[in-house]
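For reference, the structure is listed below as structure tokens.
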Amino acid sequence: NAGVTQTPKFQVLKTGQSMTLQCAQDMNHEYMSWYRQDPGMGLRLIHYSVGAGITDQGEVPNGYNVSRSTTEDFPLRLLSAAPSQTSVYFCASSPNRDRAYGYTFGSGTRLTVV
Amino acid sequence: GENVEQHPSTLSVQEGDSAVIKCTYSDSASNYFPWYKQELGKRPQLIIDIRSNVGEKKDQRIAVTLNKTAKHFSLHITETQPEDSAVYFCAARGFQKLVFGTGTRLLVSP
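Residue numbers (this note's numbering), protein chains in the order written: chain A, 234 to 347; chain B, 56 to 165.
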């Protein structure tokens, strides 16, 4: 039982490049989400999913796309990276879509856009 | 949507003292309030949580209190130790979204 696995751990992109941050969980959690963490701003919700085929926007969705084709995977796509997207990205999952408890975080991806 | 404010942004205490971190939330429908500890370079780790039908919860040296009427909740750490030094985040969950405060950097000096 690996929990929530994020890849890669580190990434450097050039402005305008695209990439996908991977997130996978093996706990059969319904709910999955992506956060970005910037100094002094806490963790801000980008997108979330309450189940396979269902996604919705969080506080800061612009510049990011998500999809949830399976319960296990919730990738985050940057279509055209910008320096403002330099951040640490965390994926988190929770067992139940409606009753909040037991959020588990991945180890994070540190992204730098130059 | 939900908005969570957290104070103070930094807190310095001597070992053995108590530390209190306070948060307020805006959405009266929020019903779940976790606290996370994050050490440098690590992921946030849940340390304690409370639901809206409970006023207080304790776990050894850590306690959380919730005042639904005033829409604020607090983290209390007693007998602080140097290993308590970290960034602490409060959060509030309304409908399907967990919203975080901006964090408190706690420094416990020996």
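Every residue, glycine too, gets a C-beta built ideally from N, C-alpha and C.
So is residue i buried or exposed if we call it buried at 16+ other beta carbons inside 10 Å?
i: residue 165 (chain B); result: exposed
i: residue 247 (chain A); result: exposed
i: residue 347 (chain A); result: exposed
i: residue 72 (chain B); result: exposed
i: residue 274 (chain A); result: exposed
i: residue 235 (chain A); result: exposed
i: residue 338 (chain A); result: buried
i: residue 259 (chain A); result: exposed
i: residue 57 (chain B); result: buried
i: residue 313 (chain A); result: exposed
i: residue 317 (chain A); result: exposed
Taking residue i as the query, report the chain B residues whose CB atoms sit under 7 angstroms from its CB, ordered along the chain.
i: residue 340 (chain A); result: 98
Can you grab the Cα-Cα spacing for the pair residue i / residue j, in whole Å?
i: residue 120 (chain B); j: residue 146 (chain B); result: 13 angstroms
i: residue 66 (chain B); j: residue 160 (chain B); result: 6 angstroms
i: residue 116 (chain B); j: residue 136 (chain B); result: 10 angstroms
i: residue 110 (chain B); j: residue 93 (chain B); result: 25 angstroms
i: residue 315 (chain A); j: residue 286 (chain A); result: 28 angstroms
i: residue 282 (chain A); j: residue 69 (chain B); result: 43 angstroms
i: residue 308 (chain A); j: residue 330 (chain A); result: 18 angstroms
i: residue 148 (chain B); j: residue 244 (chain A); result: 31 angstroms
i: residue 156 (chain B); j: residue 143 (chain B); result: 9 angstroms
i: residue 113 (chain B); j: residue 250 (chain A); result: 48 angstroms
i: residue 103 (chain B); j: residue 323 (chain A); result: 20 angstroms
i: residue 320 (chain A); j: residue 124 (chain B); result: 36 angstroms
i: residue 132 (chain B); j: residue 90 (chain B); result: 12 angstroms
Who are the neighbours of residue i on chain B, taking C-beta pairs under 9 angstroms?
i: residue 322 (chain A); result: Here the premise fails: no neighbours, minimum Cβ distance about 11 angstroms.
i: residue 249 (chain A); result: Simply none; closest approach about 29 angstroms.
Can you pull the chain A neighbours of residue i, defined as C-beta to C-beta under 7 angstroms?
i: residue 110 (chain B); result: Going along chain A, no residue has its Cβ under 7 angstroms from residue 110 (chain B), so there is no contact; the nearest lies around 18 angstroms.
Residue i touches chain A at which residues, Cβ-Cβ below 9 angstroms?
i: residue 152 (chain B); result: 266, 278, 281, 289, 291, 292
- Quick one, which residues of the stretch 262 to 289 of chain A are near chain B if we go by CB-CB under 8 angstroms, in chain order? 264, 266, 268, 273, 274, 275, 276, 277, 278, 281, 283, 289
- Query: Using 8 angstroms as the threshold, is the stretch 251 to 258 of chain A in touch with the stretch 56 to 66 of chain B, meaning 3 or more CB pairs across them?
  - Reply: no
- Message: By the 7 angstroms beta-carbon criterion, what residues does the stretch 297 to 310 of chain A contribute toward chain B?
- Response: none
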